[in-house]
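From first to last, the protein sequence lines stand for chains L and C. Residue numbers for the first sequence follow my numbering, beginning at 1 and rising by one. Residue numbers for the second sequence follow my numbering, beginning at 1 and rising by one. Structure record follows, encoded as structure tokens.
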Amino acid sequence: SQQGEEDPQALSIQEGENATMNCSYKTSINNLQWYRQNSGRGLVHLILIRSNEREKHSGRLRVTLDTSKKSSSLLITASRAADTASYFCATDLNTGGFKTIFGAGTRLFVKA
Amino acid sequence: EPEVTQTPSHQVTQMGQEVILRCVPISNHLYFYWYRQILGQKVEFLVSFYNNEISEKSEIFDDQFSVERPDGSNFTLKIRSTKLEDSAMYFCASSGGRGEFFGPGTRLTVL
């Protein structure tokens, strides 16, 4: 697998349902971030979770990080049609410098 | 709320021409980044910049690319001799240590 690989690649759910997206990575990280991107638009920062943290919440978003499994998950609860977007995880590599690698993303479609 | 800004929003250029993409990071941020996203593909790291020098760069960031922070507010990406395959969205990001915040991007079209 590549650094910062999300699954599923695409997810279609009904409004009100929860959406879970997963991210796996290969090398040691300083932190992991989740972003949202609407089609053809910029990247919106959702949450940053540091390597010594296990869980963070922000509104309807819940992010977990398991460094032993090198994986993270993003849970969106009570999804809305406006949550339709691509979601990316981005890992800040522990290289001594500053290098962030994005995954290919999960395309979420929430049906009204 | 402070945000990263980028200009221009769209740049069209001829192959072989030089382009300069401009970014104004969030004012108290110290870490700066450029990324690109070819249409339909994932976001690719180009370069990071800290303390007035390049911190990391990817294989994409070859001798055709350079970055500069000419004053206290701007952060620029220069492509010396553009190729067709440089056509992409270019995103600038800045960080104060609590996550990277992205600008809206510059769409570069090389003809």
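Glycine residues also receive a C-beta, built at the ideal position from the N, C-alpha and C atoms. These figures come from a predicted structure and were not determined experimentally.
Bridge partners of R36(C) according to DSSP: E44(C), Y90(C). For H29(C), there is no enclosing beta strand (DSSP E), as DSSP marks it with neither H nor E. Of the residues V12(C), Q14(C), L30(C), V110(C), the one whose Cα lies closest to the Cα of G96(C) is L30(C). With respect to I54(C), F101(C) sits apart: the two C-beta atoms are not nearer than 8 Å. Here A10(L) is exposed, its C-beta having fewer than 16 other C-beta atoms within 10 Å.
Residue pairing by DSSP places A19(L) opposite I76(L) in a beta bridge.
In the DSSP annotation of this structure, the continuous segment of the beta strand (DSSP E) that includes D92(L) starts and ends at 85-93.
In this structure, V110(L) sits away from E6(L), with a CB-CB distance that is not shorter than 8 Å. Remark: C-beta atoms of L84(C) and Q14(C) do not approach each other more closely than 8 Å. Taking the Cα of N52(L) as reference, the smallest distance to any Cα among R36(L), D83(L), I29(L), G40(L) is reached at I29(L). Under DSSP, D66(L) takes part in a beta bridge, and its partners are S71(L).
In this chain, the beta strand (DSSP E) harbouring N31(L) covers 29-37. In the same chain as G105(L), and ignoring 5 residues on each side of it, the C-beta atoms closer than 7 Å to its own belong to E6, S86, Y87, F88, in chain order. For A10(L), the enclosing beta strand (DSSP E) begins and ends at 10-14. Taking 8 Å as the threshold, the shortest C-beta distance from E100(C) to chain L falls below it.
By a beta-carbon distance limit of 8 Å, L43(L) contacts Q37(L). Their separation comes to about 5 Å. Below 8 Å, enough C-beta pairs join the region 21-28 of chain L and the region 69-79 of chain L to call them touching: three or more.
When secondary structure is reduced to three states using DSSP, L84(C) falls in the helix class. For S66(C), same chain residues with a beta-carbon under 6 Å away, outside a window of 5 residues either side, are K78 in chain order.
Close to chain C, meaning a Cβ-Cβ distance shorter than 9 Å, are the following residues of the region 91-106 of chain L: D92, L93, T95, G96, G97, F98, K99, T100, I101, F102, G103, A104, G105.
Ranked by Cα distance from A88(C), the first of R80(C), Q37(C), E68(C) is Q37(C).
Contact check for R60(L) and T77(L): beta-carbon distance about 5 Å, within the 8 Å limit, so the pair qualifies. Under the DSSP assignment, V67(C) falls in the beta strand (DSSP E) whose first and last residues are 65-68.
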